[in-house]
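Take the sequence shown: its position 377, counted from the start at 1, is 378 in our numbering, and no numbers get skipped.
Ideal Cβ placement from N, Cα and C applies to all residues, glycine included.
First up is the structure itself, then whatever we jot down about it.
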Amino acid sequence: MSNTVVVGAQWGDEGKGKVIDILAKHADYVVRYQGGNNAGHTVVKTSGEFILHLVPSGILHRGVRCVIGNGVVIDPEALVGEIEGLEKRGISVKGRLFVSERAHLIFPYHRVYDRLREDKKGFIKIGTTGRGIGPSYSDKALRSGIRVVDLYEPALFREKLSRSLSEKNEIFRKIYGFKGFAFEEIFSEYQRYAKKIKPFVCDTAMLLHRALRARRAILFEGAQGTHLDVDHGTYPFVTSSYVTSGGASVGTGIPPTAIDRVIGVVKAYTTRVGEGPFPTEFGLSLMAEIRKKGKEFGATTGRPRRCGWFDAVLVRYSCLINGVQEIAVTKLDVLDTLKEIKVCVGYRVRGKITRDFPASLSAQEKGIPVYETHAGWLCDTSGFKEFKALPENAKKYLKRLSQLLGVPITMLSVGSHEKQTLHLNRSHRI
Ligand code: GDP
Ligand code: IMO
Ligand code: MG
């Protein structure tokens with residue numbers, strides 16, 4: 002297998018966890034390159050359901066090595082908890098989980114800062130996961146972040162933490178009327194985490210370069226979705242990392258020239274959690290129906306997801322930005338009961354129709370979707386094993402999506418279980 006990036010092409014929760022788990026059967030390494038425990042990746046196997054937040058979804062395959070790259074922000078409390086949870090379920094991570102010493106850390110003050118900013122009147126509310134992701138990445142960009150490697154130089158760690166904490170405490174007190182944190186408590190807590198994660202910490206860029214030389218297959222696991230990317234997403238309603246396939250290079254130290262294949266994951270409709278523009282969002286009754294049928298509640302925070310029609314303008318932009326060569330469509334079964342299904346093929350913005358996703362927030366908010374309507378298939382697709390056998394209207398719908406995106410569909414998911422997956426070989430690609 003080649004070196005492949007799997008990237009979400011909408012606003013996250015497209016089903017990346019399921020796709021990664023399936024592809025990991027043919028991989029040697031699965032690597033997370035951005036985000037943190039804001040991610041919630043679900044894998045459903047006969048042995049049960051697993052929700053991964055920081056540990057790559059390849060961990061459920063014994064022979065696969067899993068890497069948390071330099072571009073990820075790590076909350077060590079969450080990481081230790083996740084490792085312990087996996088071990089309890091009989092999934093051993095020893096000797097096959099590797100954590101970058103260059104990755105930045107999330108501290109309790111980042112989590113609190115995240116929530117205080119969200120709740121402050123007059124500040125923009127993003128609807129974050131509250132995991133401290135934005136504040137940790139902003140410390141990284143400000144050059145006041147603390148990295149995994151710093152944990153193992155106690156004098157330096159003490160100095161960095163003390164500097165960062167005194168600045169944060171002052172901001173907390175003066176702007177938010179919050180008392181702040183005591184240094185010693187955090188220092189000793191993080192020394193405990195440092196000991197626990199030490200066996201996993203290494204130079205993951207060098208590890209992956211050795212894997213490249215040995216012609217091992219590497220799978221890069223994107224978190225979030227392209228329209229949550231800090232550069233290409235619906236800014237400011239985005240996360241704080243480089244979600245796109247280019248981020249796989251930045252966030253691991255593997256050059257773009259070593260990446261052979263990019264797979265985009267899309268839901269057969271659209272969802273989004275948190276605030277921000279959503280042109281094709283459903284009205285209340287369809288929202289309730291699809292949310293229930295698709296179990297659209299966040300895998301990390303449990304928040305209800307907003308749902309809407311498939312937006313080909315949004316996804317076409319993602320295909321271009323990421324260089325998507327193949328598409329995995331998920332959750333087709335959720336549309337089984339609809340008589341009519343709409344697809345957005347353009348936006349009417351200030352009287353003009355555009356097929357390119359606009360940069361302007363007001364255009365994203367006020368743009369009126371131009372829809373085409375497709376007849377539904379009114380048939381349970383969750384048991385289908387072959388594309389050929391699918392109802393004609395389902396095939397037509399998928400063919401139209403592929404045509405609008407200009408990319409072949411190579412995988413189709415019709416249920417959450419790994420077995421509810423159709424692989425479209427070359428002659429049957431849509
Ligand atoms: P991720 O963040 O992209 O990995 O996606 P999530 O795990 O947050 O959300 C996807 C949800 O849809 C999970 O609950 C999956 O178990 C579920 N799922 C994935 N594929 C399908 C599918 O084809 N049909 C249905 N009904 N559920 C699916
Ligand atoms: P996976 O990997 C869906 C959203 C949040 C919020 C915005 C910023 O499971 O697809 P953050 O906490 O990152 O600062 O929040 O991004 N968000 C996600 N939405 N799936 C995710 O991850 C998400 N991670 C963050 O809801 O709108
Ligand atoms: Mg998710």
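Relative to the ligand IMO, is the shortest distance from any of its heavy atoms to the C-beta of residue i smaller than 7 Å?
{"i": "His42", "result": "yes"}
{"i": "Leu80", "result": "no"}
{"i": "Thr240", "result": "yes"}
{"i": "Leu117", "result": "no"}
{"i": "Gly309", "result": "no"}
{"i": "Ala10", "result": "no"}
{"i": "Ala104", "result": "no"}
Using 8 Å for Cβ pairs, my map puts residue i next to residue j. What's the rounded Cβ distance?
{"i": "Gln225", "j": "Gly36", "result": "6 Å"}
{"i": "Gly70", "j": "Thr253", "result": "4 Å"}
{"i": "Cys345", "j": "Trp310", "result": "6 Å"}
{"i": "Gly299", "j": "Arg306", "result": "6 Å"}
{"i": "Ile198", "j": "Val350", "result": "Not really, about 48 Å apart at Cβ, beyond 8 Å."}
Can you tell me which of the three DSSP states residue i falls into?
{"i": "Asp312", "result": "strand"}
{"i": "Val20", "result": "helix"}
{"i": "Thr258", "result": "helix"}
{"i": "Gly509", "result": "Outside the shown range of the chain, which is 2 to 431, sits residue 509, and nothing can be said about it."}
{"i": "Ser3", "result": "coil"}
{"i": "Cys320", "result": "helix"}
{"i": "Tyr236", "result": "coil"}
{"i": "His27", "result": "helix"}
{"i": "Phe283", "result": "coil"}
{"i": "Ala195", "result": "helix"}
{"i": "Ser250", "result": "helix"}
{"i": "Pro200", "result": "helix"}
{"i": "His42", "result": "strand"}
{"i": "Ile369", "result": "strand"}
{"i": "Ile342", "result": "strand"}
{"i": "Gly70", "result": "coil"}
{"i": "Arg307", "result": "strand"}
{"i": "Phe99", "result": "strand"}
{"i": "Arg401", "result": "helix"}
{"i": "Ser361", "result": "coil"}
{"i": "Val325", "result": "coil"}
{"i": "His50", "result": "The amino acid occupying residue 50 in the given sequence is Glu; His does not appear at that position. Reduced to three states, the DSSP call for Glu50 is strand."}
{"i": "Thr271", "result": "strand"}
{"i": "Tyr153", "result": "helix"}
{"i": "Ser414", "result": "strand"}
What's the C-alpha gap between residue i and residue j?
{"i": "Lys294", "j": "Tyr153", "result": "48 Å"}
{"i": "Glu276", "j": "Ile125", "result": "10 Å"}
{"i": "Thr137", "j": "Val74", "result": "Note that residue 137 corresponds to Ser in the displayed sequence, not to Thr. Going from the Cα of Ser137 to the Cα of Val74 covers about 7 Å."}
{"i": "Val239", "j": "Lys121", "result": "18 Å"}
{"i": "Asp204", "j": "Gly59", "result": "20 Å"}
{"i": "Tyr177", "j": "Glu222", "result": "37 Å"}
{"i": "Val1", "j": "Pro77", "result": "Outside the displayed range of the chain (2 to 431) lies residue 1, so it cannot be described from this structure."}
{"i": "Asn170", "j": "Leu157", "result": "20 Å"}
{"i": "Gly407", "j": "Gly72", "result": "30 Å"}
{"i": "Thr302", "j": "Ile127", "result": "14 Å"}
{"i": "Phe388", "j": "Gly324", "result": "25 Å"}
{"i": "Ala364", "j": "Ala79", "result": "38 Å"}
{"i": "Glu50", "j": "Ser361", "result": "40 Å"}
{"i": "Leu321", "j": "Leu208", "result": "30 Å"}
{"i": "Gly284", "j": "His233", "result": "27 Å"}
{"i": "Glu168", "j": "Arg174", "result": "10 Å"}
{"i": "Ile23", "j": "Leu61", "result": "10 Å"}
{"i": "Phe390", "j": "Leu423", "result": "Per the sequence presented here, residue 390 reads as Ala, with Phe not at that position. Taking the straight line from one Cα to the other gives about 11 Å."}
Does the Cβ of residue i lie closer than 7 Å to at least one heavy atom of the ligand GDP?
{"i": "Lys196", "result": "no"}
{"i": "Lys89", "result": "no"}
{"i": "Ser417", "result": "yes"}
{"i": "Ser246", "result": "no"}
{"i": "Ser319", "result": "no"}
{"i": "Ser48", "result": "no"}
{"i": "Asp357", "result": "no"}
{"i": "Gln437", "result": "Missing from the structure shown is residue 437; the chain here goes from 2 to 431 and no further."}
{"i": "Asp334", "result": "yes"}
{"i": "Lys19", "result": "yes"}
{"i": "Ser403", "result": "no"}
{"i": "Gln295", "result": "Inspection of the sequence shows that residue 295 is occupied by Gly rather than by Gln. It does: the Cβ of Gly295 is within 7 Å (strictly closer) of some heavy atom of the ligand GDP."}
Does any heavy atom of the ligand MG sit closer than 7 Å to the C-beta of residue i?
{"i": "Gly128", "result": "no"}
{"i": "Asp14", "result": "yes"}
{"i": "Ala329", "result": "no"}
{"i": "Ala300", "result": "yes"}
Should residue i be listed as close to the ligand SAM, given that the test is whether its C-beta is under 7 Å from any heavy atom?
{"i": "Gly36", "result": "By its list of ligands, the structure shown excludes the ligand SAM, since it contains just the ligand GDP, the ligand IMO and the ligand MG."}
Check whether the Cβ of residue i lies closer than 8 Å to any Cβ atom in chain D.
{"i": "Val68", "result": "The structure shown contains no chain D; it holds only a single protein chain."}
Original post:
Should the stretch 42 to 59 be regarded as contacting the stretch 314 to 334, the criterion being three or more beta carbon pairs within less than 8 Å?
Top reply: no
Original post:
Is the stretch 366 to 383 touching the stretch 238 to 254 in the sense that three or more CB pairs, one from each, lie closer than 8 Å?
Top reply: no
Original post:
Can you find at least 3 beta carbon pairs, one from the stretch 139 to 156 and one from the stretch 102 to 109, that sit closer than 8 Å?
Top reply: yes
Original post:
Does the stretch 48 to 56 come close enough to the stretch 254 to 269 to have 3 or more Cβ pairs within less than 8 Å?
Top reply: no
Original post:
With contact counted as at least three CB pairs below 8 Å, one residue from each stretch, are the stretch 206 to 226 and the stretch 18 to 30 in contact?
Top reply: yes
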